Structure formats: structure tokens, C-alpha cells
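Novice:
Numbering (UniProt numbering), first residue to last: 1 to 676.
1. Report buried or exposed for residue 643, applying the criterion of at least 16 other Cβ atoms within 10 angstroms of its Cβ.
2. Let me confirm a value: residue 689 is counted as buried when at least 16 other C-beta atoms fall within 10 Å, else exposed. Which label applies?
3. Specify, as a first and last residue, the run of the beta strand (DSSP E) that residue 407 falls within.
4. Is residue 53 helix, strand or coil when you go by DSSP?
5. Reducing DSSP to helix, strand and coil, say where residue 501 ends up.
6. Can you give me the C-alpha to C-alpha distance between residue 198 and residue 524, rounded to a whole angstrom?
7. In the segment 575-605, which residue ranges form an unbroken beta strand (DSSP E) of at least 3 residues, counting only runs that do not cross its ends?
8. Starting from the C-beta of residue 112, find all residues in its chain whose C-beta is less than 8 angstroms away, skip the five residues before and the five after it, and write them out in chain order.
9. Whole angstroms are fine: how far does the CA of residue 532 sit from the CA of residue 469?
10. Take residue 185 and list the residues in its own chain whose beta-carbon comes closer than 7 angstroms to its own, dropping the five residues that flank it on each side.
11. Per the contact definition of three or more C-beta pairs closer than 8 angstroms, is the segment 440-451 in contact with the segment 365-374?
12. Closest to residue 106 by C-alpha separation, out of 404, 364, 57, 126, would be which residue?
13. Using the rule of at least 16 other Cβ atoms within 10 Å of the residue's Cβ for burial, across every protein chain shown, is residue 164 buried or exposed?
14. Any beta carbon of chain D sitting closer than 8 angstroms to that of residue 645?
15. Evaluate contact between the segment 540-549 and the segment 575-591, counting only Cβ atoms and requiring at least three cross-stretch pairs below 8 angstroms.
16. Tell me whether residue 570 sits in a helix, a strand or coil according to DSSP, three-state version.
17. Using C-beta distances below 7 angstroms, list every residue in its chain close to residue 287, excluding the 5 sequence neighbours before and after it, in chain order.
18. Give, in chain order, every unbroken run of the beta strand (DSSP E) that is at least 3 residues long and sits entirely within the segment 2-52.
19. Please report the Cβ distance between residue 500 and residue 522, rounded to the nearest whole angstrom; I am assuming they are in contact, meaning their Cβ atoms lie under 8 angstroms.
20. Which whole-angstrom value is the C-beta distance of residue 59 and residue 80, which I expect to be below 8 angstroms?
21. Along the chain, where does the beta strand (DSSP E) containing residue 431 start, and where does it finish?
22. Which residues share a DSSP beta bridge with residue 538?
23. Quick one, are the C-beta atoms of residue 363 and residue 349 less than 8 angstroms apart?
24. What do you get for residue 571, buried or exposed, if any count of 16 or more other CB atoms within 10 angstroms of its CB means buried?
25. Where does the unbroken beta strand (DSSP E) through residue 438 begin, and where does it stop?
26. Which of the three DSSP states is assigned to residue 357 in this structure?
27. What's the call for residue 367, buried or exposed, on a 16-neighbour Cβ count within 10 Å?
28. Please report the distance separating the alpha-carbon of residue 117 from that of residue 92.
29. Starting from residue 200, trace the alpha helix (DSSP H) both ways and give me its first and last residue.
30. What are the residues that DSSP puts in a beta bridge with residue 95?
31. Is the distance from the Cβ of residue 507 to the Cβ of residue 467 below 8 angstroms?
32. In chain order, what residues of the same chain have a beta carbon less than 6 angstroms from the beta carbon of residue 390, not counting five sequence neighbours either side?
33. Beta-carbon within less than 7 angstroms of residue 32's beta-carbon, same chain only, minus the 5 sequence neighbours each way: which residues are those?
34. Identify which residue in 53, 345, 515 has its Cα closest to the Cα of residue 387.
35. Taking the beta strand (DSSP E) that residue 387 falls in, what are its first and last residues?
36. Using CA coordinates, which residue listed in 152, 305, 146 is at the minimum distance from residue 179?
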């Protein structure tokens, strides 16, 4: 029996009423209502209802025929809604809220903006201009692309005289092809784009070509939607999403050039390498172009904040759609960045800050992604991206990004956490490296539908000095971990079946130092270029080493703590500064290494032609230092009419396909470049 009766509706009317047709405002919140409780026959009598509150219930969808012709305001907060398309039955709707429906995404926001022409406020925000863009500009662009796709690939396939079977066949092929190949806008809106493309394609076939919609056509594949970003700030944020200060106009071409500015205070940093001096002509015609310069980590949202240091960034992994990869999105455009009190999610193509998460008492140093298969309603399973963020307080925050919810924290260390990373093979295994000279391995567990989870510590690795960078060995990520520390480069056996929970390091690597070998140096950059080649940067000025993990570690015999000589494959020429903590990164798929310097420049090394030779058992060391293929120099930017202060590049990371390059600086500026 339905929970909703005539008596209940009259009682919950605001003010109470004696007749259903007189009710204009109705509060049905906190009644544990399910979709089946919304009886269309009963609701059809609410002919003058204008405001309806269905918040804090258990609704997973709307019936298609509630018949509320005068409804203007609808509150669906805190339900379990999975789809919004049924809301088109309320054409006069002006205000709609559905916050904290974990399965709704940014794609659903765009769907309701298209479907409800009178909608002004969505989740408390004025969307008038954006909705107009979605309904007109977006639709015009997609219609043009759909028409062009038909003309190019399908028009000649349709004979002058065709049968019903031929129409059905070509219609099916066209709808499948157009949804796969027509791309527009950011990857975070790919599901909305496919939805609109299918709609436009069906209209095109029906009205432009006279190929009527087939009532017995096969339904679209009901693949699980990708959980993507919304524009709302996470629940635990101290403030709303901060205003993004665009200090570089992507529509204006800025030629990267030598900056007219003071040299670094470091004596060694005043020198310019031969490579950098000779790349002026190349730098004028760079292979990557600046897209956006953003100031989105400001303390208190201040535009005057050029002191907040930005430390870590990592691109969001692309989710599977059911059992298959999304055919449209080959690489995520969304990157998580951290620095100061905030973590931001940025769409690299548009420069939009999709989310901002803040903890007023924190300074974030590191972020990392994992994808967990979580149980949702009706015991169904779905993949969700989880972001871990950690920093000065020694606490790991776990954020379910699509739900805008920080669902938990792990008090991992009593001292600051320098860096975190997830295992590529065990999605719940998280490594945290701390200033307490320990690296801990945690099982963060998988949260249930109420976000209950249980984290446990599996292992503690004792380091001789503070670990700064960590990397799991690609060929055996469950057995060996490598760490660059304040006092050298170390390796641990992390295999969990060994028994002991606390372990010392197994090996320390020594590197050339003038005419001898040394283990005593700060390693502040560490990454794998491929399965075997390690890239590390030490405190030795002007040099980045490439060395073989297998050939270095295979020299180790049985026993504890051995000193091993790194088998050097090559040296990369880099800035002569002795400034520390300017870290490096790699793009294994393209064979690139990236490292920023003390002058705001990014050094890019294309090593794809070297890796084959290095991979042979007796691969020879490159006799000369390898110069960068390109140095991206910092453009002359002005903020409020003034140039920013001295710029250090703390970190630079590319997406897996090297489409975007994200540069984090010491002056609270995130620079996004795009490979041209």
C-alpha cells in the first residue's frame, strides 16, 4: 500500500488544505518515500501545485506521468536519483535542486538545462546564460557535426529506392557511428554529448531525410554512465568554489620568450646552459602552446596571493563504461592539483575549476587517484574514482569526487606526508611517505553504500632519511618500492607474505659524484620511464640520471642492506641551479621526461629513440649528455598590471597521451599547455 494518501497530502500542504486542487505548496520530505509511492492518479488531482519538496527520501527516479502542469519549484535533495530525463514533464519548472544524489553527475545538469526551457536556478545557482548556451550554441554545433557525419560517411550508402530493411540497417549503423565519432566539449560531458547526438541524429533522419523513427528499433546500449565531475563544491569545503582568476587570455596569442627579469638568487642558477642558450629560436616556435594560467589555490580566495606553493598534480583515470572503455574519451582532461589549503579539479581544455576542496588548517603536498568498484543500490556494482589527498597534518583525506563528498580520513602519520601513491595492481593499497622517515602501506578498504569503510595498516618501511618521492617497480609492483630520500635512493621488498610488518631497506644506490661514487645526496625527483629505466634527479647541479633498475638491482646478492652502484644509461642536461625540490615526471607512452627549473621554464626530453638500445642486456651508456628536445619558457604575464615574482616550477605533469602539460609553480599559478 502506498505511503501517500489524500489525508497525508492535505496534512502536509503548506498551509494545510481541505481540497487537493487548492494546494500550491506541498512538503513530502523525510517520509522514506520510494518511486512506487508517487501515485500518478493521486498526484493528477494537484492541478495547482507550484512548490514540491521531496527531499530526504529514497527516490531513484520519477514516474513519467505525475501530471503537475503548474509546478515551478522542486526540491529532490538527498535521494538516490539515477536519471533526470523524466523531469521534462514539468515544462514550467523554474527552480530545481537535487544535491547529494550520488549517482547524478555534471552530465545530468546539462540534460535538465536542455530539457527545461524555463529553468533559472539549478542547485541554487543561476544557470540562465549557461542553459541558453546549451540549448542554442551547443545544439547548433552538434547538429552541424551530425549532418557533416551523414554527408561524409552515409549519404552514398542509401540508394534512391530503398526498402524498410535497408532503412532500419542504415539507421542503426548511423546512430552507432555518430555517437562514437561526434565529439564536442570537455570529456566530463561525453555522456551528455552522446545523449544529445543520438537525439539530434534521430530528428535528422526523421525530418530532414524522411526516414521515420522506427518504433521497433533496438534501444541504445544501456551501459553504466561514467561518474564525472559536478560543479558543486564538496561538503567538507570551508567555502564555496573559489573564483578562478584567469591571468592569461587563451584567445590572445602570447609568444613564449626570454623573460626580462632578475636572475635566481642562487649563484649556480645564474648560469645558462649551452642547450638553453641555443634554443631561443626553437622556443619562439614551441611544440606546445599555453592555454590557461590559473590562480585557484589562493588563501581566502585572494587575488593578491602569490605565496601559496603548488606541489602535486595527477590526471584522473578514465572510467570503464560497463565492460568496455569509453570509445570517445582516450585520456582524461581532468587533473587534480594541490597546494596550500585546497585541492582543485580542473578541466584542462576549458580551464574550468570543476571542484574545489578546502581544509583551512591543512597544507596539501600530494594527491593520488584510484578506481574502486563500489556497491550501489540494489547490490549493483559500479566503478568510481576516489582521490586521496595528504599534507602537513599527516592525515589522508579520501574524496568520492563524483559525489562531492569527503567520506573519510586516515590518520596516517604524526608528521607531514610528503607524497602518496596507489598500487597499480591493488586498488585499495595506498603508500604514504612521511617526514617521520617512514613509508606506510595502507589498505583503505571499499566504502559501502553509506560510506562506511575500514582502513588498516599493512606495512611500515623504515627509511634512513625523509622520503621525498616514491615509485613502484613496474615489472613487480607488489614486490619492490623505490624511494628518493633526503639522504639517497633506497629500495624495499614490500611483498606482504614475508611476515614482518616493519622492514628496513634492502638496498641503497650510489651515483657518480665528480670522480667517485656516493650514496649521500638528496634525490628529489624519481619516476620510471618504462618498465626498467629509472629517471632520478639529485642535488648534483645540472644533471638528471637515467639508469637501469634490473641491471643495478640484479647485482645484489643475498642478505640485508647492500650498497649497489646504479648502472647509468645516460645523463640529461638540465639547469645548473642547486635549488632542491623541483621534481620531474615522465610520460612512458611517448618516451618523454619533463622537469621544471628555477626560472619558470619546462625542460622536455624526447627519449623514444634511445629506449630500444637501453633495453638490450648490454645496452651501452650514452657517452654525451642528452640535451632537451625543447625548453618551454615562461611567457611574460601581467597580473593587475604587474609581473609575478620569481617563479619556480615545483612540478610538471602530462596526461598519458601528452596532450596537456600542467605546470605547478611556487607563486600560486597553475599553467596549462597543450601540445600543438
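Ideal Cβ positions, reconstructed from N, Cα and C, are used throughout, including at glycine.
If you're wondering where the values come from, they're calculated on a predicted model, not measured in any experiment.
Specialist: So, to answer that:
1. exposed
2. In the structure as shown, the chain begins at 1 and stops at 676. Residue 689 is therefore absent and cannot be evaluated.
3. 405-411
4. strand
5. coil
6. 50 angstroms
7. 584-587, 592-596
8. 84, 87, 96, 119, 122
9. 17 angstroms
10. 193
11. yes
12. 404
13. exposed
14. Among the chains in the structure shown there is no chain D, since it carries only a single protein chain.
15. yes
16. strand
17. 630, 675, 676
18. 25-27
19. In fact, because the Cβ distance is near 29 angstroms, the residues do not count as touching under 8 angstroms.
20. 7 angstroms
21. 429-434
22. 523
23. no
24. buried
25. 438-443
26. strand
27. buried
28. 8 angstroms
29. 190-203
30. 73, 121
31. no
32. 366, 396, 417, 420
33. 57, 58
34. 345
35. 381-391
36. 146
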